[in-house]
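Residue numbers (the working numbering): 13 to 436.
Virtual Cβ for every residue (Gly too), placed ideally from N, Cα, C.
Every value quoted in this text rests on a predicted model; they were computed, and no experiment measured them.
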Ligand SMILES: [Zn+2]
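Here you go:
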């Protein structure tokens with residue numbers, strides 16, 4: 013058995029070291045400037061599933077998911093009150109994350125809690141002449157890094173300009189530390205004056221503080237490859253650290269349904285999506301697409317996911333049938349090969365073996381689909397009366413009772429040994 017994951021850096025699937033690993037995994041979390049939309053949930057969901065699968069495969073896994081609570085976007089969203097906004101949005105993000113029922117990441121570091129470590133990291137970069145201070149800012153010297161651009165596939169001499177500032181030595185240089193501006197209500201003291209860290213250095217430091225200078229997997233959305241991850245990688249490499257071995261970038265979620273955007277707004281927040289569709293349907297929905305591919309969020313794709321979730325529930329309402337030989341091995345092979353959840357899902361849909369299906373659903377936090385709900389007493393009594401009416405030949409009364417049961421949200425189905433009650 014070996015587990016492979018596609019690496020953006022080498023542009024091919026690569027094998028993880030054998031179990032027990034460890035597999036140390038850092039997945040970029042949200043910038044807390046506004047309530048997260050459902051697309052922001054995808055990296056977390058994938059990370060939690062991968063952790064779950066790797067543990068089943070005998071690995072020791074550490075999953076770090078950061079909260080970016082110091083960032084230009086937060087100052088812009090709440091001038092003079094960015095700290096309060098960041099705190100409120102962080103609380104929402106944690107609530108939404110918990111609601112998926114996949115367990116929380118092992119560590120949820122906040123940038124604001126690691127500023128001394130960040131300052132120390134920047135000081136080392138200056139010592140190594142990979143960074144320079146100008147007017148209260150500190151910039152990374154891109155020209156020093158011959159490998160800059162490799163992750164995002166750009167030639168080092170043709171990299172796009174970032175953060176324009178005429179005081180920079182080179183337009184490609186990016187900020188490690190930014191001097192405090194009048195409308196920014198949070199700041200920290202540093203050797204370069206009052207200010208706060210840049211976005212990219214926050215992640216380099218949070219990852220290394222919790223996982224060490226080399227670790228197995230760095231994840232995040234495909235939109236983070238440049239400049240965010242290119243810069244993180246350059247910063248850590250400049251200090252001679254290997255940093256991430258496999259860069260795993262998930263495809264973007266696209267809102268493609270005009271009808272839905274009219275009723276719910278241009279982007280659907282995670283809490284609204286959970287309220288509208290429920291945890292189980294959303295998780296099945298995420299399973300339907302390969303993690304590296306884009307995924308469309310529309311009424312159609314969500315209804316299809318709801319129907320799939322229902323078909324799993326239906327399996328548990330019916331008598332089990334033994335699974336074909338090597339069923340679990342086929343399921344496992346799909347996940348081991350670049351975590352192919354659509355293939356794994358297709359295998360699961362063939363199964364009528366309750367035990368096996370429950371085990372597979374549990375990998376994705378979906379064992380709840382196997383819990384067939386018990387009908388309340390009052391509904392059972394109606395069903396019993398209907399049963400007696402039927403045996404007595406009073407079919408009009410049986411039909412009337414069926415309608416009465418229907419109205420309670422349950423459906424009565426005839427079975428060889430009597431009847432079964434199923435939640436509609
Ligand atoms: Zn990051």
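Ranking 204, 164, 313 and 103 by CA distance to the CA of residue 134 puts 204 first. With contacts defined by Cβ atoms closer than 7 Å, residue 251 and residue 36 do not form a contacting pair. Residue burial annotation: residue 41 is buried, with at least 16 other C-beta atoms found within 10 angstroms of its C-beta.
If you check the C-beta of residue 40 against ligand 1, you find a heavy atom less than 6 Å away. Assignment of residue 37 by DSSP, reduced to helix, strand and coil, places it in the strand class.
Between the beta-carbon of residue 259 and that of residue 21 there is about 5 Å, and that keeps the pair under the 8 Å contact cut. A distance criterion of 6 Å places the beta-carbon of residue 215 in contact range of ligand 1, judged by its closest non-hydrogen atom.
Rounded to the nearest whole angstrom, the C-alpha separation of residue 284 and residue 305 is 24 Å. One alpha carbon belongs to residue 346, the other to residue 131, and they sit about 44 Å apart. As for any alpha helix (DSSP H) of minimum length 4 sitting wholly inside the segment 303-346, the runs are 311-329, ordered along the chain. For a cut-off of 8 Å, the C-beta gap from residue 186 to residue 196 is around 19 Å, too long to register as a contact.
When C-alpha distances from residue 313 are compared across 281, 266, 326 and 337, the shortest belongs to 266. When the alpha-carbon of residue 329 is set against those of 360, 218, 82 and 431, the nearest one is in 431. Annotated three-state conformation of residue 71 is coil, per DSSP. One thing to note: residue 45 has its Cβ no nearer than 7 Å to the Cβ of residue 103. In the three-state scheme derived from DSSP, where H, G and I count as helix and E and B as strand, residue 108 is classed as helix.
Within the DSSP bridge table, the entry for residue 262 names 233 as partners. When rounded, the separation of the alpha-carbon atoms in residue 177 and residue 302 is 40 Å. DSSP, reduced to helix, strand and coil, places residue 299 within a helical segment of the structure shown.
Within the model, the alpha-carbon separation for residue 60 versus residue 110 is close to 11 Å. For residue 79, the three-state secondary structure derived from DSSP is strand. Spanning the alpha carbons of residue 378 and residue 335 requires a straight line of approximately 19 Å.
As the crow flies, the alpha-carbon of residue 424 is around 13 Å from that of residue 402. With fewer than three CB-CB distances shorter than 8 Å, the segment 230-239 does not count as touching the segment 137-154.
Distance between residue 27 and residue 352, taken at the CA atoms: about 15 Å.
Residue pairing by DSSP places residue 19 opposite 24 in a beta bridge.
Closest by C-alpha distance to residue 193, out of 388, 182, 208 and 381, is 208.
In the three-state scheme derived from DSSP, where H, G and I count as helix and E and B as strand, residue 436 is classed as coil. Taking 7 Å as the cut-off, the beta carbon of residue 216 is found no closer than this to the beta carbon of residue 164. Of the residues 229, 393, 221 and 246, the one whose Cα lies closest to the Cα of residue 160 is 246. Comparing alpha carbon positions, the residue from 171, 201 and 77 closest to residue 239 is 171. Boundaries cannot be given for residue 280, as no alpha helix (DSSP H) includes it and DSSP labels it neither H nor E.
Residue 89 and residue 253 have their C-alpha atoms some 35 Å from each other. In this chain, the beta strand (DSSP E) harbouring residue 143 covers 143-146. In the DSSP assignment, residue 190 falls within the beta strand (DSSP E) that extends over 186-191.
The three-state reading of DSSP puts residue 431 in strand, counting E and B together.
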